[in-house]
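Undergrad: Pasting in a structure now, in structure tokens, and then I'll have a few things to ask.
2 protein chains.
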Amino acid sequence: MSKTYSDLIFDTESTRNIDEANSRINIGWITSRFDVAEHLDRKVVEFSSKLGAEQYNFIVYPVGGIIRGFWDPRRFPEAPPNIDLPDLQLANHLWETYVCAGISEWIDCDSENPDFAKFSEQELIKELNYACYLGLRTVVLNLTRKSSPNLAKIIKKWLWTKNVLFTIWVSLPTNLPKNEDLWSVWADFRKDCANFNGVRLQAILNITADLQDEFLELKLVERWKAEPVGAICVHSDVFTTGKDGQAVLPQLYQKLLQNLWMFDSMRLLLKQINDGTKYRQNLRREYATSLRFTVRNVTWMRQKMAKETDGFLATSNLDYHDVLQAPLQPLSDNLDSGVYNTFEQDPVKYQRYRDAVQLAFMDIAKDKESVVVYLLGAGRGPIGTMILEAEKRYNSECRDKNNKLKIKFYVVEKNPNAIVTLRFMNENAWRKRAILVESDMRSLPSLAKENNYEQPDLIVSELLGSFGDNELSPECLDGVTDFLKPTTISIPQKYTSYAAPIMSLNMHQTIKSAIPSFWGKGLVGHGRNEPELEEDDENEGEYVQKYPQGMAISRLDQIYVVYLRQFCALAENKPVFTFEHPNFAKTSNDREIVLDFDIDRAADIMGFAGYFDMILYKNVMLSIEPKTFSNGMISWFPAVIPLRKLYRVAEGDRIKFVISRKSDADGVWYEWNLEIHRKNGEIFKSPLQNQNGESYYMRK
Amino acid sequence: MSKTYSDLIFDTESTRNIDEANSRINIGWITSRFDVAEHLDRKVVEFSSKLGAEQYNFIVYPVGGIIRGFWDPRRFPEAPPNIDLPDLQLANHLWETYVCAGISEWIDCDSENPDFAKFSEQELIKELNYACYLGLRTVVLNLTRKSSPNLAKIIKKWLWTKNVLFTIWVSLPTNLPKNEDLWSVWADFRKDCANFNGVRLQAILNITADLQDEFLELKLVERWKAEPVGAICVHSDVFTTGKDGQAVLPQLYQKLLQNLWMFDSMRLLLKQINDGTKYRQNLRREYATSLRFTVRNVTWMRQKMAKETDGFLATSNLDYHDVLQAPLQPLSDNLDSGVYNTFEQDPVKYQRYRDAVQLAFMDIAKDKESVVVYLLGAGRGPIGTMILEAEKRYNSECRDKNNKLKIKFYVVEKNPNAIVTLRFMNENAWRKRAILVESDMRSLPSLAKENNYEQPDLIVSELLGSFGDNELSPECLDGVTDFLKPTTISIPQKYTSYAAPIMSLNMHQTIKSAIPSFWGKGLVGHGRNEPELEEDDENEGEYVQKYPQGMAISRLDQIYVVYLRQFCALAENKPVFTFEHPNFAKTSNDREIVLDFDIDRAADIMGFAGYFDMILYKNVMLSIEPKTFSNGMISWFPAVIPLRKLYRVAEGDRIKFVISRKSDADGVWYEWNLEIHRKNGEIFKSPLQNQNGESYYMRK
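In structure tokens form, the structure reads like this:
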């Protein structure tokens, strides 16, 4: 076999590691016409044991029995054999573990022959029922058409209305013209199933000798990362014979398979296209070996590379990928010690703050004995420690021993719990250098007057969210403007948010399905309304959070924080809103923008990923925007700004992301919607989301 | 120490087992006035380590610091010290593991002094906030009054509207008159909290030297099994000195503690009443040893005893206790292989069927060469096997070798999937003795005419649910009446359902909180209505099960199947409905009854437990009614017929359970409600539940 990156790793590793890596990869054998043998339906144990010995973990077996499964539909209106695959030959848990139900391939609910379509429907239901009866966990359904609306209608009703335990794997057609877009075939099918849960409705991609065009173009392949791919089925005629005479997957196919391999929980399937295994005893085993060899280290390599950007998170046990979080609102909700503690682990952010402060000292402290520094919103004080360290470094680098800068250091924090910690820090770590001010920074101008606080030369704050201004940094910092000198410097000086359209079925479904539990129905929502006490026949005086716009809409009209993995970015990021500090002119913090993006492939837009970067001071920056990302920084995951539905776009369409930042006396909110300008001139506008901050309202 | 049953077990067991049993019991030390020492608030590590060495697993510590915690409220309106318990002395996960927040004991939100009540509220919120800040998992709140409506109001809002991770332990008063019912104090408090989740709001029972009367009467103590008891707090002055000079819990207290010990996940607390530990170095350790000794084997013994009634279920890994199941509807939903398989494990039921059939043969087969037997609703055939075994036994016991009975054996089953298994059984286990009839038994009269089937001498069926007739056995068996001879015998001959009022906060909450996930919103409900396709702005053409009566009511108007554990039966069972077969007279299967129960203690009625027994033939019976339970039988768990709310009753009240069985062309349903006839003559009637089968409808 030719060398791939997995060789590079394992050349120096022990056999045990290879075995371990191999064992993580599950491969299934699709029972084919070439396996047909008399009485196989009563010898499932022997058949699956034999394949087990050949390194397959499970089989896909015709759920009605093999004779029925490969019945010739041209014999219709004659009926196929009855279902006859006795359950008692295998214990229930073994059926579940080793057998996937193959739906008869002749079933065609979208046949042009209406009688056969109707007959197919009836026989499909029988087979689905029998898969339930056997307690199987996976059902394999073959699509043979570009469009299968009738089949989708049946499957949709089945999935939504029956308490089914199995996952349906939809194997995509292999008989369409090479330029036909399979992603669109799949996306139409799942849409016709009302986009049912991707844990229960998944695609099987077929890797055939005659590859579809879309698998040759990276930007088209990337879309599958946004879809639930349950298995990748490799056809046996894809394999060639390697130097050592063994079946081997050609390099091109290896690359494709590795690229499509998202998780080790995915499955591989082997589909026999000819009867070669009859004549070459080891062929089945060679297929399995070659497939495992191809993907076994993909996840390992990806994790290794992630360490560079994710830092210690990549090695933690938390699975933070694709987990939905509500953005923090530190202004209205006080953070707890554990949250502060997590942020304080950031190995990059605080160093940059220290560097920025030191740089500022070089500009403003020249020839001065002292400068006045305010830390605004100190939390538990990590930036405070950095400010004192910057002072120390500045002194050792720029000052003589007997001419040291000694800053006047005010530390402002509104969270009464964090104040307990700050007091402890001041005593035990800061040698009482800080003057603690327990107050909202916006009260500082009046408080300073009362207490004769000095005006700042430098204010330092860290008040940004994943989408930049979404923790109300502009409003907070504007609140101290009256107390500043004309020369006061703010760290950060400037920040900008960014956005790009994304596709992600998983994210759309995760947001839609995140409904509160019964006990969570009274939790304060993210919109304008507070929970209400409800007293009626149905309850016992409980609190209930009401959603005038409906709970479903409310969920989709919010901004989330997510470490995105199962997604596909459809364009480069563009800047959204920029803020600069100090804002002496007191210009409004309301904003409005329309971003244009050109679409270069068929896709479903689920929303926009949001990022930001900030200039702390001069050239000292922090960024979570992928192109300029501050490697190792873990304080912010991307924001996701969802749309209410998945919107299909085509190559050549232009979309517009219309977003505004609005405010009133009590808070701030975003409103947004999508416009699609089709190639043919048609314009579609999606409904305006979060109008008036009903679903997502950031309290001042 | 005196011998208890734990000695009896462990006399013959190794020390290792004792250690293992001890390690399952978690004991916490309540920091008391006697622990107050300077700077303890900055030495939480040392303090908890010391107690760890003395066999305590965690401490309850004043969350605002020890000086504040034991502040003297008589100094009001002077303010207590600020909260000052620095988080940084302990890593976040250690706080979480080793420390429970003690709320300051002087806080009294229901004080007669309105200023102090208001002040208390403000300080309570501060302390709850600080417990959140520290990330603590448990907060201990002391009740000192019979009624604490203001405190409950604050806690209620907190629990329902904040995303709180801690559990609140409500320690019940120790200062009330001895005849005051503490259960009522607790039940009032949790009711004032709108009965919030028992995982988050739990009681602490105090075992004091001066025990409340209710702890001396078993029927009153039993009520605590229906409540979420988070911890039992033993006061130090309860201990006496044993023969060996060590602190020991007197027998009466041991018995009480063992009786209250529901799960090893409960916690024990030790509360120091005097400063004895100052003078006796080992006292703390002795308390812990004695407490562990008392409860460490309670669970083990209970499991051992359960094996007798629960059979193999007791040894399985499944936790089937208090798990809500929807009753099966085998008539409208075909069962799957795994469900059949579970039932077929029953070690008792099938033997009784065999005995009953054999007994029937002795009556009806005398001098006959053959009798005609129909198995109606065969499933996968376990009773079929028993019928053939009964024939064999009858022949070997009652017949000569050359004069054997050979039954004509018809096996009727409507489930097309089970027919596959029956065919397999007939070929491989029954030597083709059976004539398989794939049909609903109610079509048998017409089918028999077409096919010249013989009339039965004996029909055998097993169509009962947990509440007897609730799987529509009467309707199914009535469907074959026209095909019977006047002499035909039915096995079973007769069955009766039973019911008794129960209390169980857990069951009430479990039913209320069992709302479907987003993906389950279209699942077929249990009422009359089918799911509907919903197409509007908020969704993508999904199925939705609508509940005209509201989803909350719909859940509470259904019958469930539950292996009850956290409950308390409030009276003996009474018979509900009886059915006899064959029903040649075709009397109606509709029924109506009013059951009277006298109430002998204060309690919250959540609903009724349902059971049944059946006479298979003459003296051969099966029963799940506790007094006559067929030991080892696992086929049926009790039924639960819930009420919509918890209804408080008092000693001396009489309640009436009004239940009717109704039917129409398509199905059968129950309607029920509760009447409370108070001692003072007042009558309360709860709303009629499941009117017209809207929420729970058994399709014919």
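The listed protein sequences derive, respectively, from chains B and Y. Going by my numbering, the first sequence opens with residue 39, and the numbers climb by one from there. Going by my numbering, the second sequence opens with residue 39, and the numbers climb by one from there. The beta carbon of each residue, even a glycine, is placed where N, CA and C say it ideally should be. Note that this is a predicted model, so its numbers are computed, not measured.
(1) Please tell me whether, using a cut-off of 7 Å, the distance from the CB of residue 651 of chain Y to the nearest non-hydrogen atom of the ligand GTP is below it.
(2) How about residue 122 of chain B: is its C-beta nearer than 8 Å to some C-beta of chain Y?
(3) Could you tell me which chain B residues have their CB closer than 8 Å to the CB of residue 374 of chain Y, listed as they occur along the chain?
(4) Which of the three DSSP states is assigned to residue 170 of chain B in this structure?
(5) Should residue 105 of chain Y be flagged as near chain B, meaning a C-beta pair shorter than 8 Å?
(6) Output, in chain order, the set of chain D residues within a Cβ distance shorter than 8 Å of residue 215 of chain Y.
(7) Closest by CA to residue 513 of chain B, which one among B:85, B:668, B:369, B:465?
(8) Give me the residue from Y:245, Y:203, Y:636 with the minimum Cα distance to residue 213 of chain Y.
(9) For a contact defined as C-beta to C-beta under 7 Å, what are the partners of residue 208 of chain Y on chain B?
(10) Using a Cβ-Cβ distance cut-off of 8 Å, determine whether residue 553 of chain B contacts chain Y.
(11) Shortest alpha-carbon distance to residue 672 of chain Y belongs to which of Y:269, Y:140, Y:388, Y:259?
(12) List the residues of chain Y that residue 219 of chain B touches, going by C-beta distances under 7 Å, in chain order.
(13) Assess, as a yes-or-no matter, whether the segment 456-463 of chain B is touched by the segment 490-501 of chain B under the definition of 3 or more beta carbon pairs within less than 8 Å.
(14) Just the C-alpha distance for residue 314 of chain Y and residue 262 of chain Y, rounded to the nearest angstrom, thanks.
(15) Mind listing, in chain order, the continuous beta strand (DSSP E) runs of no fewer than 3 residues lying wholly within the segment 385-453 of chain B?
(16) I'd like to know if residue 705 of chain B contacts chain Y, where contact means its C-beta is closer than 8 Å to some C-beta of that chain.
(17) Starting from residue 627 of chain B, find everything on chain Y with Cβ-Cβ shorter than 7 Å and list it in chain order.
(18) With a threshold of 16 other CB atoms inside 10 Å of the CB of residue 50 of chain Y, please say whether the residue is buried or exposed.
(19) For residue 740 of chain Y, count neighbouring C-beta atoms within 10 Å of its own C-beta (all shown protein chains included) and say buried if the count is 16 or more, exposed if not.
(20) What's the gap between the Cα of residue 231 of chain B and the Cα of residue 423 of chain Y?
(21) Taking C-alpha atoms, which residue in B:208, B:124, B:598, B:203 lies nearest to residue 185 of chain B?
(22) Using 8 Å as the limit for Cβ to Cβ distance, is residue 738 of chain B near chain Y?
(23) Can you give the Cα-Cα distance for residue 294 of chain Y and residue 336 of chain Y, rounded to whole angstroms?
(24) Could you name each continuous alpha helix (DSSP H) segment of 4 residues or more that falls completely within the segment 93-178 of chain B, going from the start of the chain to the end?
(25) Mind checking residue 58 of chain Y: buried by the 16 CB within 10 Å criterion, or exposed?
(26) Where DSSP assigns a beta bridge to residue 539 of chain B, which residues make up the other side?
(27) Determine, for residue 58 of chain Y, whether the minimum Cβ-Cβ distance to residues of chain B falls below 8 Å.
(28) By Cβ distance below 7 Å, which residues in the same chain neighbour residue 505 of chain B in space, the five residues on each side in sequence not counted?
(29) Quick one: is residue 237 of chain Y buried, meaning 16 or more other Cβ sit within 10 Å of its Cβ, or exposed?
(30) In chain B, what lies closer than 8 Å to residue 459 of chain Y by C-beta?
(31) For the segment 655-674 of chain B against the segment 396-407 of chain B, are there 3 or more C-beta pairs whose distance is under 8 Å?
(32) Quick one: what's got a C-beta closer than 7 Å to residue 723 of chain Y's C-beta in the same chain, skipping five residues either side?
(33) Quick check: the segment 138-155 of chain Y against the segment 106-118 of chain Y, are there 3 or more CB pairs under 8 Å?
(34) Which parts of the segment 319-367 of chain B are runs of the alpha helix (DSSP H), unbroken and 4 residues or longer, counting only runs that do not cross its ends?
(35) Would the segment 625-645 of chain Y count as touching the segment 692-706 of chain Y if we require 3 or more Cβ pairs under 8 Å?
(36) Please give the ranges of any beta strand (DSSP E) in the segment 638-690 of chain Y, keeping only runs that are unbroken, at least 3 residues long and fully inside the region.
TA: Inspection of the coordinates gives the following:
(1) Absent from the structure shown: the ligand GTP. Ligands present: none.
(2) With 8 Å as the cut-off, residue 122 of chain B counts as an interface residue toward chain Y.
(3) The contacting residues are 170, 171, 172, 173.
(4) For residue 170 of chain B, the three-state secondary structure derived from DSSP is helix.
(5) Residue 105 of chain Y is outside the set of residues whose beta carbon lies under 8 Å from a beta carbon in chain B.
(6) Of the chains in the structure shown, none is chain D; the protein chains are B and Y.
(7) Considering only alpha carbons, the answer is B:369.
(8) Residue 213 of chain Y has its Cα closest to that of Y:245, out of Y:245, Y:203, Y:636.
(9) Using a Cβ-Cβ cut-off of 7 Å, residue 208 of chain Y is close to nothing in chain B; its nearest Cβ partner there is about 17 Å away.
(10) Yes, residue 553 of chain B counts as interfacial toward chain Y.
(11) Ranking the options by Cα distance to residue 672 of chain Y, first place goes to Y:388.
(12) Residues of chain Y passing the Cβ test: none, with the nearest at roughly 21 Å.
(13) Three or more beta-carbon pairs separated by less than 8 Å are not found between the segment 490-501 of chain B and the segment 456-463 of chain B, which leaves the two stretches without contact.
(14) Between the alpha carbons of residue 314 of chain Y and residue 262 of chain Y lies a gap of roughly 31 Å.
(15) List check, beta strand (DSSP E) in window: 410-414, 446-451.
(16) With a threshold of 8 Å between beta carbons, residue 705 of chain B makes no contact with chain Y.
(17) The premise fails here: residue 627 of chain B is roughly 28 Å from chain Y at the closest Cβ pair, so nothing lies under 7 Å.
(18) Caution applies to residue 50 of chain Y, whose pLDDT of 46 falls short of 50 and renders its modelled position unreliable; the model cannot decide the point.
(19) For residue 740 of chain Y there is no data in the structure shown, the boundaries of chain Y being 39 and 738.
(20) It is roughly 44 Å from the alpha-carbon of residue 231 of chain B to the alpha-carbon of residue 423 of chain Y.
(21) For the set B:208, B:124, B:598, B:203, the Cα lying nearest the Cα of residue 185 of chain B is the one of B:208.
(22) No, residue 738 of chain B lies away from the interface with chain Y (no Cβ there is under 8 Å from its Cβ).
(23) CA-to-CA, the gap between residue 294 of chain Y and residue 336 of chain Y works out to about 12 Å.
(24) The segment 93-178 of chain B contains these whole alpha helix (DSSP H) runs: 104-107, 130-136, 152-172.
(25) Around the CB of residue 58 of chain Y, fewer than 16 other CB atoms lie within 10 Å, so the residue is classed as exposed.
(26) For residue 539 of chain B, which the question treats as bridged, DSSP gives the partners B:646.
(27) Answer no: the Cβ-Cβ gap between residue 58 of chain Y and chain B never drops below 8 Å.
(28) Correct list, in chain order: 535, 597, 648, 650, 677.
(29) Counting Cβ neighbours within 10 Å, residue 237 of chain Y comes out exposed, since fewer than 16 surround it.
(30) Listed along chain B, the residues sitting closer than 8 Å to residue 459 of chain Y by beta-carbon distance are 124, 125, 126.
(31) Touching, yes, given that three or more Cβ pairs across the two stretches are closer than 8 Å.
(32) So the list reads 711, 713, once near-sequence residues are dropped.
(33) The segment 106-118 of chain Y and the segment 138-155 of chain Y touch, with three or more beta-carbon pairs separated by less than 8 Å.
(34) Fully enclosed alpha helix (DSSP H) runs of 4 or longer: 321-333, 336-348.
(35) Look at the beta carbons and you see the segment 625-645 of chain Y touching the segment 692-706 of chain Y: at least three pairs across the two are nearer than 8 Å.
(36) Secondary structure in the segment 638-690 of chain Y: the beta strand (DSSP E) runs of 3 residues or longer, each lying completely within the stretch, are 641-655, 658-661, 677-687 in chain order.
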